[in-house]
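Q:
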Amino acid sequence: IAALELSRFDEGVVLPHERTLSGPKVDRLNLMRATTVNFGHIFMLYPGNHVNELLGAAIEEPALPAPSVVEGSLSKEPALSLSKGEPGFELHELFEHDVTQRFWAVTDQEVIQAVVEEMASKRNLIIADGHHRYETALNYRDEMRAANPDAPANAGFNYRMVTLVSMEDPGLVILPTHRLIHSYGRMGGQEVRERAKEYFDVTPVADRAALEAALAAAKPSHPRFGFYDGSYAALTLRDPGLLERILPDRVPDWRLLDVAVLHELFIERTLGIDKAAVERKENIEYLRDPQMGYDAVDKGEAQFLLVTNPTRMEQVQACTGAGEKMPQKSTDFFPKVISGLVMMPIGIAERL
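What follows is the structure, given as structure tokens:
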């Protein structure tokens with residue numbers, strides 16, 4: 067967790083990977099004006115693993131290599147440790163999959179300097195989660211600079227609290243985000259399946275286990291997603307060149323994203339739900355847990371569940387490296403640091 071000097075996306079230091087909506091940014095800007103504090107983190111990815119090695123060695127983490135660093139740079143006990151079910155903390159709803167959040171305070175200046183020097187030359191830091199927060203921080207910085215032209219470069223509003231995670235970290239996971247189609251009455255499931263055959267091979271499968279197996283067996287060149295309307299089907303892109311003809315301005319890596327195929331060919335062209343309706347969330351809800359979607363369809367609260375495979379890390383790197391923004395809700399990086407446990411004041415009097 068560190069304070070990162072803010073820079074515009076066109077400077078190439080920080081890269082977005084998803085499209086954003088304006089509404090959440092307005093709310094976040096008002097909160098920042100009122101509190102002048104960063105409560106939540108921006109989750110960023112960086113190339114390489116040497117910072118992990120430096121910090122891992124400093125806390126004597128045996129699972130990581132141990133380059134030469136000063137001993138005693140970190141407390142061997144975490145500054146704060148919370149886990150699901152720990153007595154005295156009513157924070158169960160903030161924890162997922164029994165993840166334990168542990169924090170160490172770095173105090174040794176040699177280790178701090180080593181980390182700063184290692185990160186100083188890094189470019190192409192990818193925002194994994196927190197696009198709205200970063201863009202809001204830029205807006206707030208520009209607003210504060212205009213109001214305080216004599217403020218120094220190290221004023222707090224020129225920085226943003228971020229959590230930096232190595233792209234090579236074995237604990238980093240990208241979870242799928244499923245789409246639940248509701249309030250939709252243009253056509254029933256059978257007609258949808260027939261219309262989808264223009265773009266997809268539609269294969270009925272027996273049950274949820276069979277659908278999950280079909281998704282796991284999908285080839286990168288032929289994106290596949292699951293369809294549930296009370297019965298199960300796997301939909302596989304028939305022609306990988308189709309999106310090249312429809313969207314020639316997109317880079318090849320973007321055109322083979324599962325979510326790009328899903329939105330462009332199925333949600334928009336098969337179901338007839340246009341991009342504006344998707345942005346307004348008129349007929350779509352995003353789910354991490356597919357069981358919620360299966361239940362909603364079974365209860366008649368929604369019409370279809372679209373079950374997706376997770377986006378792969380190499381796809382994120384390829385798209386951001388080419389300057390492409392992925393469709394909204396393309397990724398769900400896990401685990402995330404809990405908001406509010408570490409905070410950073412950014413008022414006019416703060417200096418870094």
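Letter by letter, the sequence shown follows residues 67 to 418 in the working numbering.
From the three backbone atoms N, C-alpha and C, an ideal C-beta is built for every residue, glycine too.
Bear in mind that the values here come from a model prediction, so they are computed numbers and not experimental data.
(1) Please confirm whether Met110 and Leu204 have their CB atoms less than 8 angstroms apart.
(2) Could you pull the start and end residues of the alpha helix (DSSP H) that Ile178 belongs to?
(3) Indicate the three-state DSSP secondary structure (helix, strand or coil) for His197 in the structure shown.
(4) Assuming contact is defined by CB atoms lying nearer than 8 angstroms, are Leu72 and Arg207 in contact in what I supplied?
(5) Ends of the alpha helix (DSSP H) at Ile108?
(6) Would you mind giving the Cβ-Cβ distance between Arg346 and Asp398, rounded to the nearest angstrom? I have them listed as a contact below 8 angstroms.
(7) For the beta strand (DSSP E) that Gly292 lies in, which residues bound it at each end?
(8) Using the beta-carbon count (16 or more within 10 Å), is Tyr294 buried or exposed?
(9) Relative to the alpha-carbon of Ala69, which residue among Tyr225, His83, Met98, Val181 has its alpha-carbon at the smallest distance?
(10) Going by CA-CA distance only, name the one from Leu95, Asn104, Ala180 that's closest to Glu119.
(11) Report the residue from Asp195, Tyr360, Val382 whose alpha carbon sits nearest the alpha carbon of Leu372.
(12) Touch check for the segment 372 to 389 and the segment 312 to 328: three-plus C-beta pairs under 8 angstroms?
(13) Check Asn214 in the structure and name its three-state DSSP category.
(14) Excluding the 5 residues preceding and the 5 following Thr336 in the sequence, name in chain order all residues of the same chain whose CB lies nearer than 6 angstroms to its CB.
(15) Does the beta carbon of Lys365 sit closer than 8 angstroms to a beta carbon anywhere in chain B?
(16) Measure the alpha-carbon distance for Leu187 versus Gly406 and round it to whole angstroms.
(17) Taking the C-alpha atoms as reference points, what is the distance between Thr173 and Leu121?
(18) Would you identify the three-state DSSP class for Gln386, choosing helix, strand or coil?
(19) Kindly indicate which residue of Gln383, Ala124, Arg290, Ile339 has the alpha-carbon position closest to the one of Asp305.
(20) Who are the near neighbours of Asn115 in its chain, counting only those whose CB is closer than 6 angstroms to its CB and skipping five residues on each side?
(21) From what residue to what residue does the beta strand (DSSP E) around Pro501 run?
A: Reading off the structure:
(1) The Cβ-Cβ distance between Met110 and Leu204 does not fall below 8 angstroms.
(2) Where Ile178 is concerned, the enclosing alpha helix (DSSP H) stretches over 175 to 186.
(3) helix
(4) Yes, Cβ-Cβ distance for Leu72 and Arg207 is below 8 angstroms.
(5) Run containing Ile108: none in the alpha helix (DSSP H); it sits in the beta strand (DSSP E), 108 to 112.
(6) The pair is not a contact, with the Cβ atoms about 21 angstroms apart (cut-off 8 angstroms).
(7) For Gly292, the uninterrupted beta strand (DSSP E) segment begins and ends at 290 to 294.
(8) buried
(9) Tyr225
(10) Ala180
(11) Nearest of Asp195, Tyr360, Val382 to Leu372, Cα basis: Tyr360.
(12) yes
(13) It is coil, neither helix nor strand.
(14) Arg261, Ala262
(15) The structure shown has no chain B; it contains just one protein chain.
(16) The amino acid occupying residue 187 in the given sequence is Ser; Leu does not appear at that position. The straight-line gap from Cα to Cα measures roughly 29 angstroms.
(17) 12 angstroms
(18) According to the sequence provided, residue 386 is Thr. The question's Gln does not apply to it. Of the three classes helix, strand and coil, the one that applies to Thr386 here is helix, per DSSP.
(19) When C-alpha distances from Asp305 are compared across Gln383, Ala124, Arg290, Ile339, the shortest belongs to Arg290.
(20) Ser232, Glu234
(21) No statement about residue 501 is possible, as the shown extent of the chain runs from 67 to 418 and does not include it.
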